[in-house]
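Step one of this worksheet: look at the structure below.
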Amino acid sequence: MADYYLDLTGFVCPVPLIRTKEKIKELAFGDILSIKTEHPRAVRNIMDWACHEGYSFDVDDEENGVWRITLRKGQEEYNESQ
Amino acid sequence: MKVNKSSFGIPYWVGAVLLGLLNTALFYVSSKPWGITTAMSFWGGEATKFFGTSPENWRFFAELQLAQAGGFQPLMAGTLLNAGLILGVFFAAFIHNEFRFRWPRHGKQYLAALIGGLLMGYGARLAGGCSVGALVGGTASLSLHGWIFGIFLFPGVWLGLKLAQKYLY
Chain A
1 MADYYLDLTG
11 FVCPVPLIRT
21 KEKIKELAFG
31 DILSIKTEHP
41 RAVRNIMDWA
51 CHEGYSFDVD
61 DEENGVWRIT
71 LRKGQEEYNE
81 SQ
Chain B
83 MKVNKSSFGI
93 PYWVGAVLLG
103 LLNTALFYVS
113 SKPWGITTAM
123 SFWGGEATKF
133 FGTSPENWRF
143 FAELQLAQAG
153 GFQPLMAGTL
163 LNAGLILGVF
173 FAAFIHNEFR
183 FRWPRHGKQY
193 LAALIGGLLM
203 GYGARLAGGC
213 SVGALVGGTA
223 SLSLHGWIFG
233 IFLFPGVWLG
243 LKLAQKYLY
């Protein structure tokens, strides 16, 4: 299990979602991806996408207008391997 | 701090209903639907006076009754609405602790914003408004131009997204 980090500050839609989708391909099931963004709409559409894919995730606000989304690729597969 | 995922942003339909009610109220008091870009074109026309032009004689402004209204008025309703829009968005972000100066990551994003702004401004003048004035105001009054605008938004946005994917990335 590995941790990945994606700093997407300074980008607006649709770039954060596209970059996230591309990054997630590099991850193995059970890996964690942490995304930093300052674009509220990107938080919303990354959340929608993660729900659609069935990935579990958390959203934290780090400071004013900066969010960190932490998601795990394929939660079910991860739980089975425990 | 943990963010409650289900409360991140109100549902889209709530915003749609609010916009509809506010636009109705605005139409009631001002007899004009909500618009954004027309006020900006008055400011743009006024700015060209610096180069010795007289925009009040241009057909575009004559049709918008700039001449009859006694020339350019800085505090025209459209300008106040735009100022209110910016202030409203500022306070909404501020009270939710989301206000922040955000800087583009790459220089090309500035260039893209400039080109995009010019194209949107030019397009809004050709189309008789932007996505607010032409689409929302136009469709609400069952004017054909609003529907045509709406249909051609889709290929426009598609092309914009493809370009963003290719160059802004």
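Line by line, the protein sequences are chains A and B. Under the numbering used here, residues 1 to 82 are what the first sequence spells out, in order. Under the numbering used here, residues 83 to 251 are what the second sequence spells out, in order. From the three backbone atoms N, C-alpha and C, an ideal C-beta is built for every residue, glycine too. Given the structure is predicted, the values throughout are model-derived calculations rather than measurements.
Under the three-state DSSP convention, the category residue i falls into
{"i": "B/Y251", "result": "coil"}
{"i": "B/H178", "result": "coil"}
{"i": "A/K36", "result": "strand"}
{"i": "A/V12", "result": "coil"}
{"i": "A/Q82", "result": "Bear in mind that the predicted position of A/Q82 carries a pLDDT of just 44, short of 50, making it too unreliable to give a figure here."}
{"i": "A/E63", "result": "strand"}
{"i": "A/F29", "result": "coil"}
{"i": "B/W240", "result": "helix"}
{"i": "B/F234", "result": "helix"}
{"i": "B/P225", "result": "The amino acid at residue 225 of chain B is misidentified as Pro; the sequence shows Ser. Correct three-state label for B/S225: coil."}
{"i": "A/S56", "result": "strand"}
Neighbour flag for residue i against chain C, beta carbons, 8 Å
{"i": "B/V85", "result": "Any reference to chain C falls outside this structure, whose protein chains are A and B."}
Limits of the beta strand (DSSP E) - the one that residue i falls within
{"i": "A/L71", "result": "V66 to R72"}
{"i": "A/L6", "result": "D3 to D7"}
Delimiting residues of the alpha helix (DSSP H) encompassing residue i
{"i": "B/L101", "result": "Y94 to S112"}
{"i": "B/T130", "result": "T119 to T130"}
{"i": "B/Q191", "result": "G189 to A209"}
{"i": "B/A144", "result": "R141 to E145"}
Nearest-angstrom Cβ-Cβ length linking residue i and residue j, presumed shorter than 8 Å
{"i": "B/V214", "j": "B/W140", "result": "The pair is not a contact, with the Cβ atoms about 23 Å apart (cut-off 8 Å)."}
{"i": "B/L217", "j": "B/F231", "result": "5 Å"}
{"i": "A/M73", "j": "A/L33", "result": "Looking at the sequence provided, one finds Lys at residue 73 of chain A rather than Met. Rounded, the Cβ-Cβ distance is 7 Å, consistent with contact."}
{"i": "B/A294", "j": "A/P14", "result": "In this structure chain B extends from 83 to 251, so residue 294 of chain B is not present and cannot be described."}
{"i": "A/I84", "j": "A/I46", "result": "An answer regarding residue 84 of chain A cannot be provided, because it is not within the stretch 1 to 82 covered by chain A."}
Does the region 89-103 of chain B touch the region 182-190 of chain B, meaning 3 or more C-beta pairs lie closer than 8 Å?
Taking 8 Å as the limit for Cβ pairs, the verdict is that the region 89-103 of chain B does not touch the region 182-190 of chain B.
Stretch-stretch touch, CB-based, cutoff 8 Å, three pairs: the region 167-181 of chain B with the region 207-226 of chain B
Cβ pair count under 8 Å is below three, so no.
State whether the region 121-136 of chain B contacts the region 155-163 of chain B, with contact taken as three or more CB pairs (one from each stretch) at a distance under 8 Å.
Yes, since at least three Cβ pairs between the region 121-136 of chain B and the region 155-163 of chain B fall closer than 8 Å, the two stretches touch.
Stretch-stretch touch, CB-based, cutoff 8 Å, three pairs: the region 51-65 of chain A with the region 96-116 of chain B
No, because fewer than three Cβ pairs between the region 51-65 of chain A and the region 96-116 of chain B fall closer than 8 Å, the two stretches do not touch.
Output needed in chain order: residues of the region 94-113 of chain B with a Cβ under 7 Å from some Cβ in chain A.
Taken residue by residue, none of the region 94-113 of chain B has a beta-carbon sitting less than 7 Å from a beta-carbon on chain A.
Taking three-plus beta-carbon pairs below 8 Å as touching, is the region 33-52 of chain A in contact with the region 3-13 of chain A?
Two segments are said to touch when three or more pairs of C-beta atoms, one from each, lie closer than 8 Å; by this definition the region 33-52 of chain A touches the region 3-13 of chain A.
For the region 26-51 of chain A, list every residue whose C-beta sits within 8 Å of some C-beta in chain B, in sequence order.
Sequence-ordered contacts of the region 26-51 of chain A with chain B read E38, H39, P40, V43, R44 and M47 [C-beta pairs closer than 8 Å].
Below 8 Å between beta carbons is the criterion; list the residues of the region 171-196 of chain B that meet it against any residue of chain A, in chain order.
Residues passing the 8 Å Cβ filter: A175, N179, E180, F181, R182, R184, W185, P186, R187, H188 and Q191.
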